[in-house]
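S.K.:
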Amino acid sequence: APAVGRAVFVARPDAESLVETYREVKAWHSRAGPSGEGASADAAVFVVGSDGGREVRWLHDRLNKTAQRFLDCEVGVQGFLGPGRESSGVEPLRLFAEAPSASVWSALAACGLASVTFSRPACGARAVPADASADAAATVSLWHPQDRAALLAAVEAQVPALVGARCRAVIRVEVDEPDAPPLAAVCDDGALVAVLVPESPETVDIDAAERWLAAHRSLLARAYPSAGIRAEAAPSALVLAPAEPTAGPGVRRFLPVRLGGRQGVVILP
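Just so you know, we're using the numbering used here here: the sequence shown kicks off at 445 and counts up by one.
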């Protein structure tokens with residue numbers, strides 16, 4: 445905790461892991477008590493064996509409520525990792541560690557996105573023989589989500605990275621109203637961030653989404669009591685749009701991508 449400013453506890457979304465994780469949080473809290481050098485650190489849980497959604501909320505709600513009641517501390521959400529991936533021994537973000545990234549990005553651009561400028565992955569890529577480029581390009585392809593629910597699920601996993609370290613929770617609003625955002629992030633100060641994924645950037649109304657969050661903060665706080673939503677914190681908004689040249693300033697572009705048997709979105713710089 446003194447080094448990183450946050451203690452992260454890894455747990456599975458089941459009752460046994462919940463109990464064991466609470467014991468670890470309790471032991472950490474006793475070591476980093478009021479007089480301990482880690483007392484100012486935050487605690488968060490990283491869930492493995494789950495694709496997010498209800499399982500993550502179930503584990504976090506119960507762990508956080510118990511920590512609040514008995515330890516007088518809060519536990520945030522650090523993230524989650526889907527079933528089977530935690531045992532692979534491979535860092536999930538290093539998708540291009542064994543692939544010629546230049547060939548991959550060129551293949552994606554050739555699929556009709558030649559106007560988009562792609563940056564090379566920060567993790568770097570090993571040099572490979574020229575005849576291996578075709579196989580690598582076939583590994584990654586454009587993904588066309590079958591419905592909006594599939595797209596929102598992929599975007600939901602990216603929200604903590606977009607909001608940054610101040611993100612403590614991601615919630616699905618799930619209210620069928622014109623101005624309600626599909627997703628919202630909760631920051632460390634209790635502020636809500638509307639995550640908007642319009643079909644066209646020209647149709648989005650950021651002010652309306654922020655007003656909706658401000659008007660319904662108390663209801664969201666009751667629906668998600670462990671998220672730490674506060675009435676005095678002003679809401680803001682984040683807009684994501686498909687990677688098209690028409691995306692204006694203030695809009696983050698994304699590209700739906702398929703990697704082997706998995707689908708997701710790549711947030712462009």
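Note that CB positions come from ideal geometry on N, CA and C, so glycine has one too.
Source: prediction; values computed, not measured.
Apply the 10 Å Cβ neighbour rule to H473 and answer buried if 16 or more other Cβ atoms are within range, or exposed otherwise.
M.R.: Position 29 of the sequence shown holds residue 473. Buried: at least 16 other Cβ atoms inside 10 Å.
S.K.: Are there 16 or more other CB atoms within 10 angstroms of the CB of H588, so buried, or fewer, so exposed?
M.R.: Looking up residue 588 in the sequence shown gives position 144. With fewer than 16 other Cβ atoms within 10 Å, it is exposed.
S.K.: Can you tell which of R674, A613, G634, Q602 has its C-alpha closest to the C-alpha of W502?
M.R.: Within the sequence shown, numbered from 1, the residue matching residue 502 stands at position 58. When only C-alpha atoms are compared, the closest one is A613.
S.K.: By a C-beta neighbour count over all protein chains shown, 10 Å radius and 16 as the cutoff for buried, is P622 buried or exposed?
M.R.: Here residue 622 refers to the residue found at position 178 of the sequence shown. Exposed, since its Cβ has fewer than 16 Cβ neighbours within 10 Å.
S.K.: Would you grab the beta carbon distance between L627 and I673 for me? Rounded to a whole angstrom, and I think it's under 8 Å.
M.R.: The residue labelled residue 627 in the question sits at position 183 within the sequence shown. The residue labelled residue 673 in the question sits at position 229 within the sequence shown. About 14 Å; that fails the 8 Å criterion.
S.K.: Looking at the secondary structure, which residues open and close the alpha helix (DSSP H) in which A475 lies?
M.R.: As a first step, residue 475 must be located in the sequence shown, where it is residue number 31. In the sequence under discussion, the amino acid at residue 475 is Arg, which differs from the Ala named in the question. It spans 459 to 475 - the alpha helix (DSSP H) in which R475 sits, taken as one unbroken run.
S.K.: What residue range is occupied by the uninterrupted alpha helix (DSSP H) comprising L684?
M.R.: If you number the sequence shown from 1, residue 684 lands on position 240. Per DSSP, L684 belongs to no alpha helix (DSSP H); it is in the beta strand (DSSP E), 680 to 686.
S.K.: May I ask you to report which of helix, strand or coil DSSP gives P638?
M.R.: Residue 638 sits at position 194 when you count from the first residue of the sequence shown. A quick correction: the sequence has Ala, not Pro, at residue 638. The answer is strand: DSSP assigns A638 an E or B state.
S.K.: Have a look at E654 and A677 and give me their C-alpha separation to the nearest angstrom.
M.R.: Within the sequence shown, the letter at position 210 stands for residue 654. Within the sequence shown, the letter at position 233 stands for residue 677. Spanning the two alpha carbons is a distance of roughly 12 Å.
S.K.: Here's the rule I'm using: 16 or more other beta-carbon atoms within 10 Å means buried, otherwise exposed. How should S559 be labelled?
M.R.: Stepping through the sequence shown from its first residue, residue 559 is reached at position 115. In this prediction, S559 has a pLDDT of 34, which is less than 50 and means its spatial position is unreliable; nothing more can be read from the coordinates.
S.K.: Return helix, strand or coil for Q590, following the three-state DSSP convention.
M.R.: In the sequence shown, residue 590 corresponds to position 146, counting from 1. Note: Q590 maps to coil in three-state DSSP.
S.K.: Helix, strand or coil: how does DSSP classify R506 here?
M.R.: Your numbering for residue 506 matches position 62 in the sequence shown. Residue state, collapsed to three classes: helix.
S.K.: CB-CB under 8 Å to V617, same chain, minus the five flanking residues each way: which ones, in chain order?
M.R.: Sequence index remark: in the sequence shown, residue 617 carries index 173 (1-based). These residues qualify, in order along the chain: A624, P625, P626, L627, A628, L664.
S.K.: Confirm, please, whether the CB-CB distance from N508 to E518 is below 8 Å.
M.R.: Here residue 518 refers to the residue found at position 74 of the sequence shown. Here residue 508 refers to the residue found at position 64 of the sequence shown. It is a contact, given that the beta carbons lie within the stated cut-off.
S.K.: Got a sec? Which residues, its chain only, sit under 7 Å from G634 by beta carbon, not counting five neighbours each side?
M.R.: Here residue 634 is taken as the residue at index 190 of the sequence shown, counted from 1. Result list for G634: G672, I673, R674, A677, in chain order.
S.K.: Spatial neighbours of P679 within its chain, please: C-beta separation below 6 Å, excluding the five flanking residues on both sides.
M.R.: For the purposes of this step, residue 679 is identified with residue 235 of the sequence shown, where counting begins at 1. Hits under 6 Å: L636, E654, L657, A658.
S.K.: Where does A613 sit, in a helix, a strand or coil, going by DSSP?
M.R.: Against the sequence shown, residue 613 aligns to sequence position 169. Residue state, collapsed to three classes: strand.
S.K.: Do the stretch 643 to 651 and the stretch 598 to 607 make contact, defined as three or more Cβ pairs closer than 8 Å?
M.R.: Output reads no: the stretch 598 to 607 does not touch the stretch 643 to 651.
S.K.: Around the Cβ of S662, are there at least 16 other Cβ atoms within 10 angstroms (buried) or fewer (exposed)?
M.R.: Indexing the sequence shown from 1 puts residue 662 at position 218. The residue is exposed, with fewer than 16 neighbouring Cβ atoms inside 10 Å.
S.K.: Please state whether DSSP places L712 in a helix, a strand or coil.
M.R.: Here residue 712 refers to the residue found at position 268 when the sequence shown is read from its first residue. Residue state, collapsed to three classes: coil.
S.K.: Under a three-way DSSP split, which group does R655 fall into?
M.R.: Within the sequence shown, numbered from 1, the residue matching residue 655 stands at position 211. Helix.
S.K.: Report the CB separation of T465 from V492 in whole angstroms; it is logged as a contact under 8 Å.
M.R.: Along the sequence shown, one-based indexing puts residue 465 at 21. Along the sequence shown, one-based indexing puts residue 492 at 48. That belief does not hold up - the Cβ atoms of T465 and V492 are roughly 11 Å apart, past 8 Å.
S.K.: Around the C-beta of F514, are 16 or more other C-beta atoms found within 10 angstroms, so that it is buried, or is it exposed?
M.R.: For the purposes of this step, residue 514 is identified with residue 70 of the sequence shown, where counting begins at 1. Exposed is the call here.
S.K.: Could you tell me which residues DSSP pairs with F490 in its beta bridges?
M.R.: By 1-based counting over the sequence shown, the position of residue 490 is 46. F490 pairs with V454, G523.
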